[in-house]
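Below: one structure, written as C-alpha cells.
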Amino acid sequence: MKIHSIEDIEQLFLDAGHVAYAGEGINQLEHALQCGQLAEQAGASASLITAAFLHDIGHMLNPKGDTPSARGIDDQHQFIASHQLKSLFRQDVVAPVHLHVLGKRALCAIEVEYYGSLSPDSKRSMALQGGPLSTRELEKFLAMPYADDAMALRRWDDLAKTPNRQTPALDHFLQIARSVCVTHSGLNQ
2 MKIHSIEDIE QLFLDAGHVA YAGEGINQLE HALQCGQLAE QAGASASLIT AAFLHDIGHM
62 LNPKGDTPSA RGIDDQHQFI ASHQLKSLFR QDVVAPVHLH VLGKRALCAI EVEYYGSLSP
122 DSKRSMALQG GPLSTRELEK FLAMPYADDA MALRRWDDLA KTPNRQTPAL DHFLQIARSV
182 CVTHSGLNQ
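Each residue of the sequence shown is one higher than the one before, starting from 2 at the first, in our numbering.
Written out as C-alpha cells, the structure reads:
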C-alpha cells in the first residue's frame with residue numbers, strides 16, 4: 002500500500018490496526034493512539050503529536066509479517082514509514098519518525114538504566130538495529146536536527162504499551178495530522 006493522503010493512513014489503520022504489536026498485549030492501532038495521547042499530554046506540537054501517532058506505521062506496511070524481530074529480522078520500519086510520509090508532511094513530522102530507532106539506541110548509550118526499562122521485543126529489535134550508539138555515533142546523532150524530538154518520541158513509544166488504556170479515537174489524531182499535512186491530497190475534501 003502507498004500512502005498518498007490522510008485517508009490512506011486511516012484506511013491502513015482500519016485494515017491493519019488490529020495486528021498485534023510485537024507481543025506487547027496491544028495492537029498497532031492501540032499503540033499509535035497511546036503514543037499520540039502521550040505526546041499530546043506532554044504538550045508536544047501538532048507535528049510531534051503526528052509523528053508519535055504515525056511513527057510505527059512501517060510495521061503495518063512491511064512485507065515481513067508479524068514480529069519479524071522474533072525471527073531475527075530488522076524490518077526497518079522507521080525507513081518504510083518516513084519514506085511513505087515524506088510527501089505529506091514536513092521534516093518536523095518525518096524526521097522524528099525516521100530517527101526514533103536511533104533515539105532508542107542513543108538513550109541506551111546515554112542512560113545505563115534505559116536498556117533495562119525496554120520490553121523484551123524492544124531489546125531484541127535493538128540488537129538487530131545495532132545496539133547502543135558508540136560515542137562517535139552518539140555525538141553525530143545528537144547534532145542532528147530533531148534528535149531531541151526522536152528521543153522524546155521514543156520515550157512515549159516505550160510507555161504506549163498498556164492494554165485497555167482509554168485514548169482519544171482514531172479521528173482525533175487524523176484531524177491533528179490533517180492540520181500539519183502539506184499537500185492538498187492529504188486534506189479531507
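Yeah, the Cβ is synthetic: ideal placement off N, Cα and C, and Gly gets one too.
Residue i, buried or exposed, once every other Cβ within 10 Å from all chains shown has been counted against 16
| i | result |
| --- | --- |
| lysine 105 | buried |
| serine 135 | exposed |
| glutamate 6 | Sequence check: residue 6 is serine here, not glutamate. With 16 or more other Cβ atoms within 10 Å, it is buried. |
| alanine 158 | In the sequence under discussion, the amino acid at residue 158 is aspartate, which differs from the alanine named in the question. Flag for aspartate 158 reads buried. |
| leucine 175 | buried |
| aspartate 57 | buried |
| serine 48 | buried |
| valine 183 | exposed |
| proline 97 | buried |
| glycine 37 | buried |
| arginine 155 | buried |
| serine 180 | exposed |
| glutamate 140 | exposed |
Assigned secondary structure, residue i (DSSP; H/G/I helix, E/B strand, else coil)
| i | result |
| --- | --- |
| alanine 43 | coil |
| alanine 107 | helix |
| asparagine 189 | Here the model assigns asparagine 189 a pLDDT of 39, short of 50, so the residue's position is not dependable, and the following value carries that caveat. Asparagine 189: coil per DSSP, three-state reduction. |
| glutamine 38 | helix |
| threonine 168 | coil |
| methionine 61 | helix |
Beta bridge counterpart(s) of residue i as assigned by DSSP
| i | result |
| --- | --- |
| alanine 21 | Asn28 |
Close Cβ partners of residue i (< 7 Å) along its chain, the five nearest in sequence each way excluded
| i | result |
| --- | --- |
| proline 133 | Arg106, Cys109 and Ala110 |
| serine 120 | Glu25 and Lys162 |
| proline 164 | Gly26 and Ile27 |
Straight-line gap, residue i to residue j (C-alpha atoms, nearest Å)
| i | j | result |
| --- | --- | --- |
| aspartate 172 | leucine 34 | 10 Å |
| alanine 128 | valine 20 | 23 Å |
| glutamine 29 | valine 95 | 19 Å |
| alanine 17 | glycine 59 | 11 Å |
| aspartate 93 | leucine 13 | 22 Å |
| valine 102 | isoleucine 177 | 23 Å |
| leucine 100 | leucine 62 | 18 Å |
| leucine 188 | valine 113 | In this predicted model, leucine 188 has a pLDDT of only 47, less than 50, meaning its place in the structure is not dependable; the value taken from the coordinates is given anyway. Approximately 43 Å between the Cα atoms of the pair. |
| glutamine 130 | proline 169 | 32 Å |
| leucine 89 | serine 118 | 33 Å |
| alanine 151 | glutamate 11 | 23 Å |
Close-in-space but distant-in-sequence residues of the same chain around residue i (CB under 8 Å, 5 per side omitted)
| i | result |
| --- | --- |
| aspartate 9 | Met2 and Lys3 |
| serine 46 | Asp93 |
Cutoff 6 Å; reference residue i; Cβ partners in own chain excluding five residues on either side
| i | result |
| --- | --- |
| arginine 166 | Gln35 |
| alanine 53 | Cys36, Gly37, Ala40, Leu154 and Trp157 |
Minimum Cβ-Cβ distance from residue i to chain D less than 9 Å
| i | result |
| --- | --- |
| arginine 166 | Checking the listed chains, one finds no chain D in this structure; it contains a single protein chain. |
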